[in-house]
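**Student:** If you count the sequence shown from 1, you need to add 538 to reach my numbering.
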Amino acid sequence: MPLRTRITRADFRMPLRARITRADFPPPPELADRDPGAAPTEHIGGLRAELRWRDGQLHLGRTYQQNPLRVLVPISERPGTPTLLFLLNSTAGLLDGDGQWVDLDVGPGVRAFLTSQAAGRVHPCPLGHAAVRFDLRLAADSVLCLLPGPTIPFAGSRYHQRAEIHLEPGAHIVWGDILLPGRTQYARAPERFAFDRLVQELRVYREGRLVFLERFAWSGPWDEAEIRWHFGDAEAAASLFLSGPPAAVQLPELPDGEVAVQETAFGDTCVRLLGRDPERLIAAAARVALTAAARLAGDPEPWLLDSPHLVANHWFSPPPGP
539 MPLRTRITRA DFRMPLRARI TRADFPPPPE LADRDPGAAP TEHIGGLRAE
589 LRWRDGQLHL GRTYQQNPLR VLVPISERPG TPTLLFLLNS TAGLLDGDGQ
639 WVDLDVGPGV RAFLTSQAAG RVHPCPLGHA AVRFDLRLAA DSVLCLLPGP
689 TIPFAGSRYH QRAEIHLEPG AHIVWGDILL PGRTQYARAP ERFAFDRLVQ
739 ELRVYREGRL VFLERFAWSG PWDEAEIRWH FGDAEAAASL FLSGPPAAVQ
789 LPELPDGEVA VQETAFGDTC VRLLGRDPER LIAAAARVAL TAAARLAGDP
839 EPWLLDSPHL VANHWFSPPP GP
């Protein structure tokens with residue numbers, strides 16, 4: 539499809555219950571040299587769901603779930619407050635040949651934070667690669683914050699993540715990617731930026747027009763000089779996109795790292811974070827994202843972070859104080 543062709547909702551008419559297959563995960567050129575279907579352990583699955591806002595609460599409309607991915611029951615404190623949705627992967631992470639697809643139709647007025655129950659561990663891929671795909675369509679006056687969970691690439695991992703987001707007028711998205719260096723505490727042989735290949739793509743459309751395109755294609759493993767060139771002395775990185783002006787961003791305190799904010803040509807915002815302490819960087823990125831989502835929704839307080847009803851044992855919990 540030509541880059542500037544306008545896209546309409548008619549382009550998304552796929553049967554809700556159509557089975558998800560390997561063909562739904564076309565590889566990028568950097569990962570097309572191997573056949574992911576050759577991996578004997580592949581798990582192909584995902585979620586297609588309608589998110590609907592009714593009487594101040596989030597409801598799951600028509601939903602199709604295919605192992606190993608599931609969505610848990612929506613959690614909210616009370617009617618009118620944003621809803622937390624957890625994606626549950628029933629395997630030990632992303633194995634060689636795995637493919638997971640999250641396809642969401644977000645209705646008018648929805649206020650939701652979607653995340654995974656744990657970090658995304660990408661296992662070694664000697665035969666193919668692992669893939670994750672997000673397709674999101676947001677109707678007018680909806681606000682969705684989506685943090686897939688930190689990516690932890692194991693030594694020899696090959697990974698493709700593709701996200702495509704379509705916004706109707708008045709819809710807002712906050713999207714965040716967090717990258718950790720690997721199994722740095724692995725007792726047998728600590729791993730640090732020892733992946734084979736990582737490709738991440740993000741496309742955002744507003745009223746059918748492409749307004750943001752970002753693509754990272756990293757080849758590893760990295761030696762110490764390459765690590766310093768890419769990350770300096772940092773041990774973790776985060777990249778956030780929010781469909782609104784920089785005024786929606788509350789800069790975090792990150793004394794051991796760096797934070798940069800950039801406005802795009804279409805008036806949206808990118809936030810980059812680098813830090814030496816992964817836990818503190820993760821917490822800072824989550825606070826930026828959930829504060830921005832609240833401001834875009836017109837809410838006075840950050841979503842969920844200060845809730846007394848949410849036990850601090852999730853991956854985006856603030857780290858314990860000194």
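Glycine residues also receive a C-beta, built at the ideal position from the N, C-alpha and C atoms.
Bear in mind that the values here come from a model prediction, so they are computed numbers and not experimental data.
Would the beta-carbon of L894 fall within 9 Å of that of E702?
**Tutor:** No statement about residue 894 is possible, as the shown extent of the chain runs from 539 to 860 and does not include it.
**Student:** Using three-state DSSP, classify I820 as helix, strand or coil.
**Tutor:** Locating residue 820 in the sequence shown gives position 282, where the first residue counts as 1. DSSP places I820 in helix when its eight states are reduced to three.
**Student:** Considering only residues of the segment 663-719, which uninterrupted beta strand (DSSP E) runs meet the minimum length of 3 residues and lie entirely inside it, listed in chain order?
**Tutor:** 668-676, 681-685, 689-691, 696-705, 710-717
**Student:** Note down, in chain order, each residue of its chain lying with its Cβ closer than 6 Å to the Cβ of L684, except the 5 sequence neighbours on either side.
**Tutor:** Against the sequence shown, residue 684 aligns to sequence position 146. Excluding sequence neighbours, L684 sits near L652, W713.
**Student:** Take P691 and list the residues in its own chain whose beta-carbon comes closer than 7 Å to its own, dropping the five residues that flank it on each side.
**Tutor:** Translated into positions along the sequence shown, residue 691 becomes position 153. If we look at P691 and ignore the five residues flanking it on each side, its Cβ neighbours are V660, Y697, G720, F733, L736.
**Student:** For L842, tell me which candidate among L623, H581, L610 has the shortest Cα-Cα distance.
**Tutor:** Within the sequence shown, the letter at position 304 stands for residue 842. The shortest Cα separation from L842 among L623, H581, L610 belongs to L623.
**Student:** With distances taken from CA atoms, which of A693, S855, A835, V670 is nearest S680?
**Tutor:** One-based indexing of the sequence shown puts residue 680 at position 142. Considering only alpha carbons, the answer is A835.
**Student:** Which same chain residues, not among the five before or five after R551, have their C-beta less than 7 Å away from its C-beta?
**Tutor:** The residue you call residue 551 lines up with position 13 of the sequence shown. In this prediction, R551 scores a pLDDT of 49, lower than 50, which makes its location untrustworthy; the coordinate-derived value is nonetheless stated afterwards. Nothing listed; no residue qualifies.
**Student:** 9 Å is my cut-off, CB to CB: does L812 come that close to chain B?
**Tutor:** Reference to chain B is not applicable here, since this structure consists of a single protein chain.
**Student:** Using a 10 Å radius around the Cβ and a threshold of 16 neighbouring Cβ atoms, would you call R487 buried or exposed?
**Tutor:** There is no way to answer for residue 487, as the model of the chain reaches only from 539 to 860.
**Student:** Please name the residue or residues paired with W841 in a DSSP beta bridge.
**Tutor:** Working through the sequence shown from its first residue, we reach residue 841 at position 303. For W841, which the question treats as bridged, DSSP gives no partner whatsoever.
**Student:** Beta-carbon separation of P620 and A650 under 9 Å?
**Tutor:** For the purposes of this step, residue 620 is taken as the residue at position 82 of the sequence shown. For the purposes of this step, residue 650 is taken as the residue at position 112 of the sequence shown. Taking a C-beta distance under 9 Å as the contact criterion, P620 and A650 qualify as a contact pair.
**Student:** By a C-beta neighbour count over all protein chains shown, 10 Å radius and 16 as the cutoff for buried, is L633 buried or exposed?
**Tutor:** On the sequence shown, residue 633 is found 95 positions in, with the first residue counted as 1. Result: buried.
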